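Start counting the sequence shown at 65; every next residue gets the next number (our numbering). Just so you know, even glycine gets a beta-carbon here, dropped at the ideal spot from N, CA and C. For clarity, every value in this text was computed on a predicted model and none was experimentally measured. Have a look at the structure below, then the notes.
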Amino acid sequence: MAGRNATYARLLSIFLRWVGPLGGLCLAFAADPHAASSHFPIGFNLLISIHPPTLPPPQAPSSKSRSMAQHETTTAALNLGALGIENGCKVFHNLTYEQLADHEKKYNEGAFVANGTFAVDTGKFTGRSPKDKFIVKQEPSQDNVWWGEINHPTSPEVFDTLLAKATKYFSTVDRMYVFDGHCGVNEKSRLNVRIVTELAWQHHFVTNMFIRPEFASIAENFKADFTIINACNIVDEDWQAHGLHSEVFVIFNIEKHLAVIGGTFYGGEMKKGIFSMMNYYLPLNGVMAMHASANIGKAGDTAIFFGLSGTGKTTLSADPKRELIG
């Protein structure tokens with residue numbers, strides 16, 4: 065296993081040298097036997113680029129013109145009480161990359177590696193837990209969901225119970241982070257997303273993944289189309305009675321435009337969860353959702369690469385003679 069991990073690490077370093085200049089997001093798992101601990105028994109690190117190698121963060125105003133005070137707010141100011149979160153703690157709203165780095169270091173959430181990347185331990189989950197993902201089965205959305213091995217149903221009562229557990233937990237923490245932004249570029253089809261997390265690095269993750277609007281445009285009166293509450297530190301002790309597969313839960317309630325996560329630190333649950341909601345809403349609005357990458361040639365010819373995760377879409381679309389567009 066050690067030899068295999070070393071091989072993976074070497075291949076990963078070579079891969080990152082090639083894709084690094086693309087900017088935007090540098091995300092990978094690096095096997096590290098020294099990262100294991102009693103709290104996180106599996107030695108894997110999640111690597112998140114703090115600064116894309118060549119391109120500046122899109123639509124990110126200079127942090128020098130935005131003080132930390134502008135980003136410190138309250139649950140009342142962001143109307144988190146509507147979700148059931150009542151807490152007098154500091155709430156950090158749409159932090160800049162520099163501010164995120166300060167928080168990650170201050171709260172010892174991981175370590176900076178040689179190239180400036182911040183590495184964190186995601187615990188026993190180094191990927192998504194698809195068997196623990198559920199969608200609330202209720203009218204009218206239940207007729208638009210393909211129920212089966214992928215989309216597992218649960219009840220509104222189970223969702224409400226776990227939501228209450230998550231919001232009660234968030235009402236006791238000493239700080240939290242709220243990201244407001246967009247999933248999708250087109251104003252006609254994108255989702256306004258709000259993601260509440262306890263950890264700065266998870267705030268960092270969604271800041272990388274989704275579009276960050278100008279801070280002034282979302283500082284007041286932001287209306288989320290969908291919200292995720294990531295209470296990764298709690299589990300469902302009554303999971304068997306609730307009909308779940310384990311104490312871990314990732315549950316989406318389409319009618320309430322709300323999801324709750326518990327028991328897993330893996331950041332991809334937030335990303336893929338919002339993508340799942342896009343895959344639900346877009347076809348209903350006459351838009352075809354595709355799991356693909358695309359590039360465009362100088363003559364305006366577009367190539368689309370379809371495939372499951374890990375099959376090479378991004379690699380194949382990264383052509384030096386063509387522009388990567390999605």
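* Counting along the chain, where does the alpha helix (DSSP H) carrying Phe-234 start and finish? -> Here residue 234 corresponds to residue number 170 of the sequence shown, with the count starting at 1. Following the DSSP letters along the chain, one finds Phe-234 inside the alpha helix (DSSP H) bounded by residues 220–234.
* Asked: With DSSP run on the structure shown, which of helix, strand or coil describes Ala-100?
  -> Looking up residue 100 in the sequence shown gives position 36. Low per-residue confidence applies at Ala-100: pLDDT is 32, beneath 50, and the placement is therefore not dependable enough to give any value.
* So, is Ser-290 buried or exposed, given that buried needs 16 or more other C-beta atoms within 10 angstroms? -> Along the sequence shown, read from residue 1 onward, the residue named residue 290 stands at position 226. Rather than Ser, the amino acid found at residue 290 in this sequence is Phe. So Phe-290 ends up on the buried side.
* Asked: Are Lys-188 and Glu-333 closer than 9 Å when you measure CB to CB?
  -> Start at 1 with the first residue of the sequence shown, and residue 188 comes out as number 124. Start at 1 with the first residue of the sequence shown, and residue 333 comes out as number 269. No; because the gap between Cβ atoms is not below 9 Å, this pair is not in contact.
* **Residues bridged to Phe-370 [DSSP beta-bridge criterion]** => Working through the sequence shown from its first residue, we reach residue 370 at position 306. Phe-370 is bridged to Ala-356.
* Asked: What did DSSP end up calling Phe-269 once you bin it into helix, strand or coil?
  -> Here the question's residue 269 lines up with position 205 in the sequence shown. Helix, per DSSP.
* Per DSSP, what kind of secondary structure is Pro-217 in: helix, strand or coil? -> Within the sequence shown, residue 217 is the residue found at index 153, counting from 1. Looking at Pro-217 - three-state DSSP - the assignment turns out to be strand.
* Start and end of the alpha helix (DSSP H) containing Asp-166? -> Reading the sequence shown from its first residue, position 102 is the one you call residue 166. It spans 161–170 - the alpha helix (DSSP H) in which Asp-166 sits, taken as one unbroken run.
* Asked: Closest to Asp-224 by CA distance: which of His-321, Ser-340 and Phe-369 is it?
  -> The sequence position of residue 224 within the sequence shown is 160, counting from 1. Closest by alpha carbon: His-321.
* Asked: How many angstroms separate the CA atom of Glu-284 from the CA atom of Lys-385?
  -> Mapped onto the sequence shown, residue 284 falls at position 220. Mapped onto the sequence shown, residue 385 falls at position 321. When rounded, the distance between both Cα atoms is 43 Å.
* How long is the line joining the alpha carbons of Arg-192 and Gly-337, rounded to whole angstroms? -> As a working mapping, residue 192 is identified with position 128 in the sequence shown. As a working mapping, residue 337 is identified with position 273 in the sequence shown. One C-alpha to the other measures close to 10 Å.
* Start and end of the beta strand (DSSP E) containing Phe-290? -> Working through the sequence shown from its first residue, we reach residue 290 at position 226. Unbroken beta strand (DSSP E) run through Phe-290: 290–295.
* Asked: For Thr-181, is the classification buried or exposed, using 16 other Cβ atoms within 10 angstroms of its Cβ as the cut-off for buried?
  -> As a working note, residue 181 is residue 117 in the sequence shown. Buried.
* Would you kindly check if the distance between the Cβ of Ser-235 and the Cβ of Gly-350 is under 9 Å? => Stepping through the sequence shown from its first residue, residue 350 is reached at position 286. Stepping through the sequence shown from its first residue, residue 235 is reached at position 171. No.
* Best match in Asn-158, Arg-258 and Ile-199 for proximity to His-268 [C-alpha to C-alpha] -> Numbered from 1 along the sequence shown, position 204 holds the residue referred to as residue 268. When each option's Cα is compared against that of His-268, the closest is Asn-158.
* Asked: Are there three or more Cβ pairs, one per stretch, closer than 8 Å when the stretch 232–249 is compared with the stretch 262–279?
  -> yes
* Can you tell me whether Leu-348 is buried or exposed, with buried defined as 16 or more other CB within 10 angstroms of its CB? -> Counting from one through the sequence shown, the residue named residue 348 turns up at place 284. The residue is exposed, with fewer than 16 neighbouring Cβ atoms inside 10 Å.
* Asked: Near Ala-175, which residues of its chain fall below 7 Å by C-beta distance, leaving aside the five closest residues on each side in sequence?
  -> As a working note, residue 175 is residue 111 in the sequence shown. For Ala-175, where only same-chain residues beyond five positions count, the Cβ hits under 7 Å are Ala-183.
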